[in-house]
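Undergrad:
2 protein chains.
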Amino acid sequence: MTAVTIQCCAPITRGPLAEGDAAELAVLLKAVADPVRLRLLSMIGSHAGGEACVCDLTGAFDLTAPTISHHLKILRTAGLIDGERRGTWVYYRIIPEVVNRLGALFAPLADPVPVVGEPVDVKFADA
Amino acid sequence: MTAVTIQCCAPITRGPLAEGDAAELAVLLKAVADPVRLRLLSMIGSHAGGEACVCDLTGAFDLTAPTISHHLKILRTAGLIDGERRGTWVYYRIIPEVVNRLGALFAPLADPVPVVGEPVDVKFADA
DNA sequence: CTATAATTTCGACAATTGTCGAAGTAGGGG
DNA sequence: CCCCTACTTCGACAATTGTCGAAATTATAG
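Residue numbers (my numbering), protein chains in the order written: chain A, 1 to 127; chain D, 1 to 127.
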C-alpha cells in the first residue's frame, strides 16, 4: 500500500536547490519549455493505447517532418519519451516516472494550506 | 471552499493540449528552465519570511549583478515572483498560485504506482 | 548637495535554438 | 529488384538567450 502525504508548499520552496540538482532539472524543463514539445508530449500521452506514431502527430502542426523529428529527439534525449520502430512506423510513449519528477518539483496540489490540521493520506486508483 | 479531485495521471496526459494553452504554459516553463532561475526561485521561496532581497541572492552565484537582475526580471515578467523596493533593498517573493500552475500540469504527486479505490476528493481552505 | 551603496537598464557579443530543404535510412509492395 | 512511404540526419540560417561592462536610477548617509 502506498500512501502519499500532501504538504503545503512546493518542494522547491522547502530549501535552496543544490547547483547540481538545478542543472539536472533544467535539462528536463528545457525539454518541455516549448509549445510544440508540450503539445507533442500531451498528444502522445493522451493517445489511445498510451502511444502514438509520428504520423499521428505531424498533422497537428504547421511544421515540416524534420522539425517534428527534431522536437521528438529532444524529448527522448531528456528521457521524457521513448520510441520504438514497428514495421513502417515509429511509436512513441511517455515515460511517466520522468514526467512525474517535474510535477513533484512544483506540485503541492494544495493552493492554500489544507483545512485539516494534520497531513492527509490519499490513495489513488490504478493506472 | 475549494474541492480538488486527485486523479491518477498527469493532466497533460488527459487530453491534447490546445495550441493557445501550450503557448501560455511554455512561457512559464521557459522562465524556470534555467539552472540559475531555478535556484533563484528556490532561494526566494525558501528564505525566511518568504522573501529575499537581491543582496541575499547574488552571493550564491558566480555571476555579475546585472545578470542576476536579468534573471529576476524574467521570473517576474512570467509572473512567478514579485518584487518590492523597501529602502535601499529590493525584496522578492514567490507568487504561489503561479508556481502551482506548473505543478498542476505534470503532477500526480503519486510517484509509485497508486493503489486501489476510486478517486478521492480532498478539500482545501479558500485563499 | 555630494558621496556611496543597491539595483536596474542599455548595448554588445558569443552560444544556443527552432526551422527549413536536401539527402540518407529502413521497411513493405509491386 | 525497384520504388514508395515513413522517418531521421545533416547543413545552413535567422532568432533568441545568457552573459558582461558601462551607465543610469534610487535611496541613505554625511
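A virtual CB, placed ideally from N, CA and C, is assigned to each residue, including glycine.
1) Under the DSSP definition of a beta bridge, which residues are partnered with Glu51(A)?
2) Quick one: residues in its chain with C-beta nearer than 8 Å to the C-beta of Thr58(A), no 5 flanking neighbours on either side, listed in chain order?
3) CB-CB under 8 Å to Ile12(A), same chain, minus the five flanking residues each way: which ones, in chain order?
4) When the Cα atoms are used, what is the spatial distance from Leu102(D) to Ala10(D)?
5) For Arg14(D), count neighbouring Cβ atoms within 10 angstroms of its own Cβ and tell me buried if that reaches 16, exposed if not.
6) Is DSSP giving Gly83(D) helix, strand or coil here?
7) If we cut at 9 Å on Cβ distances, does Asp82(A) have a partner in chain D?
8) Which residues, taken in chain order from the segment 9 to 27 of chain D, show a beta carbon closer than 8 Å to some beta carbon of chain A?
9) Let me see if you follow: with CB-CB separation under 9 Å, is Leu41(D) close to chain A or not?
10) What is the DSSP secondary structure of Leu17(D), counted as helix, strand or coil?
11) Does Lys73(A) come within less than 9 Å of chain D when only Cβ atoms are used?
12) Grab the span of the alpha helix (DSSP H) containing Ala65(A) for me, first residue to last.
TA: Working from what's here:
1) Arg93(A)
2) Contacts found: Ala65 and Ile68.
3) Leu105 and Phe106
4) For Leu102(D) and Ala10(D), the gap between their C-alpha atoms comes out near 11 Å.
5) exposed
6) strand
7) no
8) Cys9, Ala10, Ile12, Thr13, Arg14, Gly15, Pro16, Leu17, Glu19, Ala22, Ala23, Leu25 and Ala26
9) yes
10) Coil at Leu17(D), not helix or strand.
11) no
12) Ala65 to Thr77
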